[in-house]
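Heads up, the sequence shown is in the working numbering, so the first residue is 6 and it goes up one at a time. The next block holds one structure in the form of structure tokens; read it before the comments.
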Amino acid sequence: MPDHDAEHIISELHAASLASLEQATTLDALEAVRVEALGRKGKLAEVSKSFGKLAPEERARVGKLLNTVKQDLEMRLEKRQDALASVARDARLESEWIDLTAPAPGVRPGSLHPITQVQRELEDLFVSLGFAIMDGPEVETEHYNFDALNIPADHPARDAQDTFWLKDGRLLRTHTSPVQLRALEKFGPPLKMIAPGRVFRNEEVDASHEHTFYQLEGMMVDRDVSVAHLLYFMKTLLSAIFHRDVTVRLRPGFFPFVEPGFELDIQCLICGGKGCPVCKHSGWVELLPCGLVNPAVLRHGGVDPEQWSGFAFGLGLTRLAMMRYGVDDIRLFAGGDLRFLRQF
Ligand code: FA5
Numbered sequence: 006m007p008d009h010d011a012e013h014i015i016s017e018l019h020a021a022s023l024a025s026l027e028q029a030t031t032l033d034a035l036e037a038v039r040v041e042a043l044g045r046k047g048k049l050a051e052v053s054k055s056f057g058k059l060a061p062e063e064r065a066r067v068g069k070l071l072n073t074v075k076q077d078l079e080m081r082l083e084k085r086q087d088a089l090a091s092v093a094r095d096a097r098l099e100s101e102w103i104d105l106t107a108p109a110p111g112v113r114p115g116s117l118h119p120i121t122q123v124q125r126e127l128e129d130l131f132v133s134l135g136f137a138i139m140d141g142p143e144v145e146t147e148h149y150n151f152d153a154l155n156i157p158a159d160h161p162a163r164d165a166q167d168t169f170w171l172k173d174g175r176l177l178r179t180h181t182s183p184v185q186l187r188a189l190e191k192f193g194p195p196l197k198m199i200a201p202g203r204v205f206r207n208e209e210v211d212a213s214h215e216h217t218f219y220q221l222e223g224m225m226v227d228r229d230v231s232v233a234h235l236l237y238f239m240k241t242l243l244s245a246i247f248h249r250d251v252t253v254r255l256r257p258g259f260f261p262f263v264e265p266g267f268e269l270d271i272q273c274l275i276c277g278g279k280g281c282p283v284c285k286h287s288g289w290v291e292l293l294p295c296g297l298v299n300p301a302v303l304r305h306g307g308v309d310p311e312q313w314s315g316f317a318f319g320l321g322l323t324r325l326a327m328m329r330y331g332v333d334d335i336r337l338f339a340g341g342d343l344r345f346l347r348q349f
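As structure tokens, then:
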């Protein structure tokens, strides 16, 4: 092989290798270029094999050229490798970037219990109507829970509200009505108040009955309070909670602490009135017993019934939450099952 041929081939290999080097966009592709040009079985190695046939002075010249080309290629490969490595590093950093200030994943915000949600909505509503929010003890005396509400020891109404007694004669309150008396004694008329809270009954648990549940008591005592006032507030309450028309029925109801007394029932929203375990197959759910405060109760509270009159109601808050959210078993509320609670 004549030396100028050898020089020509080397120059061409040089140019071709530089072109492939420029085109290589990944470290792998660059490595392939290196192996092809400079590897043990690469193109330059192949050319140098044919040196044996050259005259010694030509061999020296071509050998020098070959070394220069090798060095040049090595230098450029290294540069290109650095550049590609830094691009690859940037891309990796970009893809692995995390925002250390972002809230930790996996912690989901909690939510209020559905009964608390309904209770708070009602509190907001009644506060906007000028009612005060009051509280009473869950461990009550027989006097406030029964006697002062016109339910003496031998009255059959006590059977409907069987409860848990403490050894000292006190009891777990069966309803929120004792707060009526406590409020009258403490503040006197005129008075507008609600008293949400937990109540207890010693009774068989089923789809719509718990031994521990929530009620919301309400009372307004003023001059000439009538059934018309009572109905206005009951309607306002129901439309605020359900945001839609619900079918209700009003029927006479007996409670010793009201006169006249009513039961305000709501058509069952679980079955649409067709009948189900929640409404005991009647199509109606007892929700809102109410009436005009019995003069005997006003007297017990130190209020003159000749001067003042009032209405009172005892909303079944847990049942209301059932109707509002379409919960078909009351036991779910206290069951602590997060799959249930997370829906609210
Ligand atoms: C009372 O407790 C009266 N204190 C209500 C009242 C207040 C009447 C003021 C007049 C004036 P009753 O026992 O019906 O009434 O209970 C009231 C509501 O509590 C019922 O309508 C029902 O919605 C709910 N309730 C009663 N028992 C249970 C129970 N075991 N589980 C869940 N909710 C119940």
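C-beta atoms are modelled at their ideal positions from N, C-alpha and C, and glycine is treated no differently.
Residue pairing of T217 in beta bridges, as defined by DSSP: F205.
Looking at the backbone, the Cα of A88 and that of P114 are separated by about 46 Å. Counting only residues of its own chain and dropping the five nearest sequence neighbours on each side, R254 has a CB closer than 7 Å to the CB of D270, W289.
By DSSP's assignment, S314 forms a beta bridge with D227.
At least one heavy atom of ligand 1 lies less than 7 Å from the C-beta of F260.
Ligand 1 has a heavy atom closer than 7 Å to the beta-carbon of I335. Ligand 1 approaches L292 closely enough that one of its heavy atoms is under 7 Å from the residue's Cβ. Residue pairing of W289 in beta bridges, as defined by DSSP: Q272. For R254, the enclosing beta strand (DSSP E) starts and ends at 253-257. Residue range 119-133 is occupied by the alpha helix (DSSP H) that includes E126. Within the chosen limit of 7 Å, ligand 1 reaches the beta carbon of V263 through at least one heavy atom. Here T241 is exposed, its C-beta having fewer than 16 other C-beta atoms within 10 Å.
Closer than 7 Å to some heavy atom of ligand 1: that does not describe the Cβ of T168. For M80, the number of other beta carbons within 10 angstroms of its own is below 16, and it is reported as exposed. Not a single heavy atom of ligand 1 lies less than 7 Å from the C-beta of F349. A straight line joining the alpha-carbon of D250 with that of Y330 spans about 15 Å. In terms of Cβ geometry, V298 and G319 do not form a close pair [threshold 8 Å]. The alpha-carbon separation between N150 and L186 amounts to approximately 9 Å. For V52, the closest alpha carbon among the candidates L18, Y219, L303 is that of L18.
Here G296 really is in contact with P265; their C-beta atoms are around 6 Å apart, less than 8 Å.
Taking C-beta atoms as the reference points, G277 and S287 fail to come closer than 8 Å. With respect to A200, T179 sits apart: the two C-beta atoms are not nearer than 8 Å. Looking at L221, F131, D104, the one whose alpha-carbon comes closest to that of V184 is L221. Note that the C-beta distance between E143 and A339 is not below 8 Å. Under DSSP, V92 shares a beta bridge with no residue. Annotation for V308: no alpha helix (DSSP H) segment contains it, and DSSP assigns it neither H nor E.
Between S25 and the set R324, T146, K285, R85, the nearest pair of CA atoms involves R85.
Short note on T323: C-beta closer than 7 Å to some heavy atom of ligand 1.
For E41, the enclosing alpha helix (DSSP H) covers residues 32-43.
The beta carbons of V74 and L49 sit closer together than 8 Å.
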